[in-house]
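Input: a single structure, listed below in C-alpha coordinates.
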Amino acid sequence: RGGAEEEAMSEGRIATELWVMGHIRQCIARGIVATVVKRGDDWGGAVVIKLNLIGPGFKVLTQTRDIDGNTAWMQAKDGAVMTEHDADEYIARQMARDPDLWVIEIEDREGKIPFAGKVV
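Per the numbering used here, residue 964 is the first one in the sequence shown, and the count goes up by one each step.
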(Lines of atoms letter the chains of each structure in order from A and count residues from 1; the text may use other names and numbers.)
(Lines give C-alpha, C1' and ligand atoms only; values in the text may rest on other atoms or scores of the structure.)
Protein backbone atom coordinates (compact mmCIF):
# COMPACT_ATOMS: atom_id res chain seq x y z
CA ARG A 1 0.00 0.00 0.00
CA GLY A 2 1.13 3.48 -0.67
CA GLY A 3 0.29 7.10 0.08
CA ALA A 4 -3.34 7.70 -0.93
CA GLU A 5 -4.38 4.13 -0.10
CA GLU A 6 -2.95 4.27 3.43
CA GLU A 7 -4.41 7.75 3.99
CA ALA A 8 -7.88 6.68 2.82
CA MET A 9 -7.85 3.60 5.02
CA SER A 10 -6.60 5.48 8.09
CA GLU A 11 -9.43 8.01 7.69
CA GLY A 12 -12.01 5.24 7.36
CA ARG A 13 -12.82 6.17 3.76
CA ILE A 14 -13.38 3.58 1.09
CA ALA A 15 -11.51 3.47 -2.18
CA THR A 16 -12.96 5.66 -4.91
CA GLU A 17 -13.27 2.63 -7.17
CA LEU A 18 -15.50 0.81 -4.66
CA TRP A 19 -17.54 3.97 -3.99
CA VAL A 20 -18.14 4.55 -7.71
CA MET A 21 -18.94 0.93 -8.52
CA GLY A 22 -21.37 0.69 -5.58
CA HIS A 23 -23.20 3.81 -6.77
CA ILE A 24 -23.25 2.58 -10.38
CA ARG A 25 -24.88 -0.68 -9.21
CA GLN A 26 -27.50 1.31 -7.27
CA CYS A 27 -28.25 3.34 -10.39
CA ILE A 28 -28.67 0.21 -12.51
CA ALA A 29 -30.96 -1.33 -9.88
CA ARG A 30 -33.13 1.83 -10.03
CA GLY A 31 -33.20 1.90 -13.84
CA ILE A 32 -30.89 4.91 -14.11
CA VAL A 33 -28.30 4.85 -16.88
CA ALA A 34 -24.88 5.52 -15.33
CA THR A 35 -21.59 4.88 -17.13
CA VAL A 36 -17.95 5.23 -16.15
CA VAL A 37 -16.57 7.41 -18.95
CA LYS A 38 -13.07 7.65 -17.47
CA ARG A 39 -11.50 5.66 -14.66
CA GLY A 40 -9.42 7.67 -12.27
CA ASP A 41 -7.15 6.70 -9.40
CA ASP A 42 -8.56 3.64 -7.62
CA TRP A 43 -7.96 5.06 -4.15
CA GLY A 44 -7.84 8.83 -4.21
CA GLY A 45 -9.51 10.02 -7.40
CA ALA A 46 -12.27 12.61 -7.16
CA VAL A 47 -15.46 12.20 -9.20
CA VAL A 48 -16.99 14.43 -11.86
CA ILE A 49 -20.56 13.79 -12.98
CA LYS A 50 -21.68 14.61 -16.50
CA LEU A 51 -25.44 14.78 -16.07
CA ASN A 52 -27.32 14.26 -19.33
CA LEU A 53 -30.76 15.88 -19.04
CA ILE A 54 -31.87 14.03 -22.21
CA GLY A 55 -32.87 16.96 -24.35
CA PRO A 56 -32.16 20.34 -22.75
CA GLY A 57 -28.42 19.68 -22.38
CA PHE A 58 -25.93 18.73 -19.69
CA LYS A 59 -24.84 19.77 -16.22
CA VAL A 60 -21.44 19.05 -14.73
CA LEU A 61 -20.91 18.47 -11.02
CA THR A 62 -17.62 18.02 -9.19
CA GLN A 63 -17.23 16.02 -6.01
CA THR A 64 -16.19 18.09 -3.02
CA ARG A 65 -16.69 18.11 0.74
CA ASP A 66 -19.10 20.22 2.77
CA ILE A 67 -18.10 22.09 5.91
CA ASP A 68 -18.59 18.92 7.98
CA GLY A 69 -16.38 16.82 5.67
CA ASN A 70 -19.28 14.97 4.01
CA THR A 71 -19.45 14.29 0.28
CA ALA A 72 -21.08 17.15 -1.63
CA TRP A 73 -21.39 18.23 -5.27
CA MET A 74 -20.41 21.61 -6.71
CA GLN A 75 -22.21 22.59 -9.91
CA ALA A 76 -20.07 23.87 -12.77
CA LYS A 77 -20.99 27.28 -14.15
CA ASP A 78 -23.48 27.85 -11.30
CA GLY A 79 -25.62 24.93 -12.44
CA ALA A 80 -26.09 26.24 -15.98
CA VAL A 81 -27.29 23.78 -18.61
CA MET A 82 -24.56 23.35 -21.23
CA THR A 83 -24.22 21.79 -24.64
CA GLU A 84 -22.45 18.43 -24.68
CA HIS A 85 -19.47 20.09 -26.34
CA ASP A 86 -19.19 22.70 -23.55
CA ALA A 87 -19.62 20.02 -20.87
CA ASP A 88 -16.90 17.88 -22.47
CA GLU A 89 -14.53 20.87 -22.71
CA TYR A 90 -15.13 21.74 -19.05
CA ILE A 91 -14.42 18.13 -18.04
CA ALA A 92 -11.30 18.01 -20.24
CA ARG A 93 -9.94 21.09 -18.42
CA GLN A 94 -10.62 19.39 -15.08
CA MET A 95 -8.83 16.21 -16.22
CA ALA A 96 -5.84 18.25 -17.42
CA ARG A 97 -5.48 19.60 -13.86
CA ASP A 98 -6.22 16.28 -12.16
CA PRO A 99 -5.50 13.11 -14.18
CA ASP A 100 -6.78 10.99 -11.24
CA LEU A 101 -10.41 12.09 -11.83
CA TRP A 102 -13.24 9.65 -12.43
CA VAL A 103 -15.86 10.83 -14.95
CA ILE A 104 -19.34 9.34 -14.65
CA GLU A 105 -22.15 10.09 -17.11
CA ILE A 106 -25.68 9.83 -15.76
CA GLU A 107 -28.89 10.16 -17.78
CA ASP A 108 -31.79 11.73 -15.89
CA ARG A 109 -34.44 14.04 -17.37
CA GLU A 110 -35.13 15.60 -13.97
CA GLY A 111 -31.46 16.27 -13.25
CA LYS A 112 -31.35 14.16 -10.10
CA ILE A 113 -27.97 13.05 -8.84
CA PRO A 114 -28.30 9.46 -7.64
CA PHE A 115 -24.97 9.56 -5.78
CA ALA A 116 -24.59 10.27 -2.08
CA GLY A 117 -24.07 13.89 -1.11
CA LYS A 118 -25.89 17.19 -1.37
CA VAL A 119 -25.48 19.87 -4.02
CA VAL A 120 -23.70 22.95 -2.64
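Think of the CB as a built atom: it goes at the ideal place given N, C-alpha and C, for glycine as much as any other residue. If you're wondering where the values come from, they're calculated on a predicted model, not measured in any experiment.
Taking the CB atoms as reference points, tell me whether residue i and residue j lie closer together than 8 Å.
| i | j | result |
| --- | --- | --- |
| tryptophan 1006 | valine 1083 | no |
| isoleucine 995 | proline 1077 | yes |
| isoleucine 1054 | valine 1023 | yes |
| valine 1010 | glutamine 1026 | yes |
Output the boundary residues of the beta strand (DSSP E) element that contains residue i.
| i | result |
| --- | --- |
| threonine 1025 | 1021-1028 |
| isoleucine 1012 | 1010-1015 |
Thinking just about the alpha-carbon of each residue, which of the options is nearest to the one in residue i?
| i | options | result |
| --- | --- | --- |
| glycine 1008 | Leu981, Ala1079 and Lys1075 | Leu981 |
| phenylalanine 1021 | Asp1071, Thr979 and Met984 | Asp1071 |
| alanine 1079 | Ala1039, Ala1043, Asp1051 and Arg1028 | Arg1028 |
| glutamate 1087 | Ala1050, Ala1043 and Lys1081 | The chain is shown from 964 up to 1083; residue 1087 falls before or after that span and cannot be answered. |
Cutting at 6 Å between CB atoms, please list the residues of its own chain near residue i, excluding the five before and the five after it.
| i | result |
| --- | --- |
| methionine 1058 | Leu1064 |
Can you list, in chain order, the residues of its chain with a C-beta nearer than 8 Å to that of residue i? Leave out the 5 residues immediately preceding and following it.
| i | result |
| --- | --- |
| glycine 1018 | Arg1072 |
| threonine 1046 | Gly1020 and Phe1021 |
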